[in-house]
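Those letters in the sequence shown? Residues -27 to -1, 1 to 429, per mature numbering (1 follows the signal peptide of the UniProt record, and there is no 0), in order.
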Amino acid sequence: MLTAARLGATALAGLLLAGTAAAPALADTPSPSAPAAPAGIYGKGDPTYDGVWRQSLALTALAGAKVVPAESTVSWLAGQQCADGGWPSFRADTAAACDAKTEDSNATAVAVQALSTLGGHQDAVAKGLQWIKANQNADGSWAYNPGNPGDADSTGLTVSALLATGTDPAGVARSGKSAYDGLAGFQLGCASPADQRGAFAYQPAPDGALAANALAASQATLGAAGGKLPVTNTNRVDAAPKPLTCAAGATEKTVPRAESAEAASAYLVAQLNANGQHLMQTMPGATPTPDFAATSWAVLSLIQAGHPHQAASAADWLAGNGYAWAAKGKSGTDASAAATLLLVAQAAKLDPYNFGGTNLVQLLIDAGPAPKSVPSAAASAASANPDGTKAPGSGITEADDNGGFSPIWLVGIGLLVGIGGGLLISLNRKRGAHQQAAGKPATSSTEDKPEGDEQK
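Have a look at this one:
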């Protein structure tokens, strides 16, 4: 029988989904010429901006669930690789040569991690590693597209890719600056306001100033903590993360490597605590909204840094609210979001077959070609709860044992109603908006990454 919390989750998810209906449908409304999702890919939406990204996350997450994917899904990802070793966001015509300017460090980083996790793809991984090394900037960082200024997200993801291949980021350098040096260039030190110290900026402003950015901090911290996908760290530090130690009047702009992950973790924990155990997305001129992607990456980063206890409440928040993010739009399941939540569930040691009432494993399986095989646990879970991929509580046909909503859910629903629709779950992110939130305009047309950046 359904619990009060389960029934409350239904109503809350419904309100969240209703809110998204009023948001601009950027990724859900592709242009008339947008390509359909090709065979072999997870998700049915336009793959132009996130095809490789979502495929890589899906394969990585399903590998953690012991699902053996269809060969077509792996060959599709491998076939997207360019001759020089990089991956673009999506190649509609793999027979045509790649445009080097459109190759994507983020796509390359997660593709390398996915193929490393799957095993048996040494040549593709080696070529990807070669591309990564060849496209490092002089300051040690990586840009989203080659030839542009670096950013924290791209650098952090690339550091994780290096670690996935067994490569020490400290030994990957350009002009004497290592990958860790490149990452350090985006972290706020003692010269910054106390509540921003340890955070990462997306990019420096034109005057060199750094402004804390939630998504940049959540993704870059994983690399700073020596992590990669999937996050499997079981080490833990019982104490809360230590904020950056700064003497009175300290003016240091950089954070020592030894303190980087702890300082970033302390910033993330403070932000989670201040915002109801989730991070916020602030778009210019819009009401701040919960940022599911940033919150997910924050959980992964905190667990990698040895702070699973501090990540637990945020993981629970994602379990209670994430369905609206993962199963959105006319194209059905958002494979990138579903995969990210599955990675969170696995890292946080939560039940992926009952993540806030959702069977994440089956949700992701159903978004792509039928797998070669699934573990017995997956088959049993799907059989026991055939409604597990539907909106939480959508199969309710009887009264709750407890006769109504629990007080916690009533508070949550009341908050949403009281805001009057202002709390719209923004499912569409743009690189340009990301830069504006960091206080920096887009540096070039290729840096203004369109809709596919929403999950990163």
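We put the beta carbon where it would ideally sit given N, CA and C, even for glycine. In this text the structure is predicted, and so the values were computed from the model without any measurement.
Runs of the alpha helix (DSSP H) lying entirely within the segment 94 to 168 and spanning at least 4 residues, in chain order: 95 to 107, 125 to 137, 152 to 157.
By the criterion of a C-beta distance shorter than 6 Å, Gly18 is surrounded in its chain by Ser304, once the five residues flanking it on both sides are discounted. With a minimum length of 4 residues, the unbroken runs of alpha helix (DSSP H) contained wholly in the segment 222 to 285 fall at 230 to 247, 265 to 277. Rounded to whole angstroms, the gap between the alpha carbons of Pro122 and Gly113 is 11 Å.
A direct Cα-Cα distance of roughly 27 Å separates Gly155 from Gln283. Closest option to Gly249, judged by alpha-carbon separation, among Ser274, Ser233, Ser286: Ser286. Between Ala320 and Val272, the CB-CB gap stays under 8 Å. DSSP places Ser191 within a helical segment (H, G or I) once states are collapsed to three. In this structure, Val40 lies near Ala351, with their beta-carbon atoms less than 8 Å apart.
According to the DSSP assignment, Trp26 belongs to the alpha helix (DSSP H) that extends over 24 to 37.
By DSSP's assignment, Ser346 forms a beta bridge with Val41.
Distance from the CA atom of Ala234 to the CA atom of Gly129, rounded to whole angstroms, is 12 Å. Taken in chain order, the unbroken stretches of alpha helix (DSSP H) that lie wholly in the segment 314 to 345 and span 4 residues or more are 333 to 338.
Counted as a single uninterrupted DSSP element, the alpha helix (DSSP H) harbouring Thr90 occupies residues 78 to 91. The beta carbon of Ser127 lies closer than 8 Å to those of Ser78, Asn79, Ala82, Ser114, Trp115, Ala116, Tyr117 in the same chain, with the five residues before and after it left out. Between Thr313 and Leu30, the C-beta gap is smaller than 8 Å, which places the two residues in contact. Ser165 is not a Cβ neighbour of Thr194, given a cutoff of 8 Å. Annotation for Asp339: Thr306, Thr362 place their beta carbon closer than 8 Å to its own, counting only its chain and skipping 5 residues before and after. Looking at the DSSP output, Phe173 shares a beta bridge with Gln160. Take the alpha-carbon of Ala134 and the one of Arg209: they are about 23 Å apart.
Residue burial is scored here from C-beta neighbours: Thr262 has at least 16 other C-beta atoms within 10 angstroms and is therefore classed as buried. Residue nearest to Leu217 within the set Ala231, Asp23, Phe328, Ala278 is Ala231 (criterion: CA-CA distance).
Apart from the 5 residues on each side of it in sequence, Ala308 sits with its Cβ closer than 6 Å to the Cβ of Tyr15, Gly16, Arg27, Ala31, Ala340 in its chain, given in chain order.
By DSSP's assignment, Pro61 forms a beta bridge with Glu76.
DSSP places Tyr15 outside any alpha helix (DSSP H), giving it a letter other than H or E. Taking Gln53 as the centre and dropping the five residues before and after it, the same chain places the C-beta of Val25, Trp60, Arg64 closer than 6 Å to its C-beta, in chain order. Secondary structure of Ser309 (DSSP, three-state): helix. With a 10 Å radius around the Cβ and a threshold of 16 neighbouring Cβ atoms, Asn110 comes out buried. Cα atoms of Pro20 and Ala266: separation of roughly 18 Å, rounded to the nearest angstrom. Residue state for Gly52 is assigned as helix, using DSSP reduced to three classes. Measuring C-alpha to C-alpha distances from Ala97 to each of Cys55, Lys106, Ala36 identifies Cys55 as the nearest. Burial state of Thr46 is buried, judged by a 10 Å Cβ sphere holding 16 or more other Cβ atoms. Measuring C-alpha to C-alpha distances from Trp290 to each of Thr67, Leu245, Leu35, Lys301 identifies Leu245 as the nearest.
If you draw a straight line from the Cα of Leu315 to the Cα of Gln86, it is about 16 Å long. Of the residues assessed, Asp124 falls on the buried side of the cut-off, its CB having 16 or more other CB atoms within 10 angstroms.
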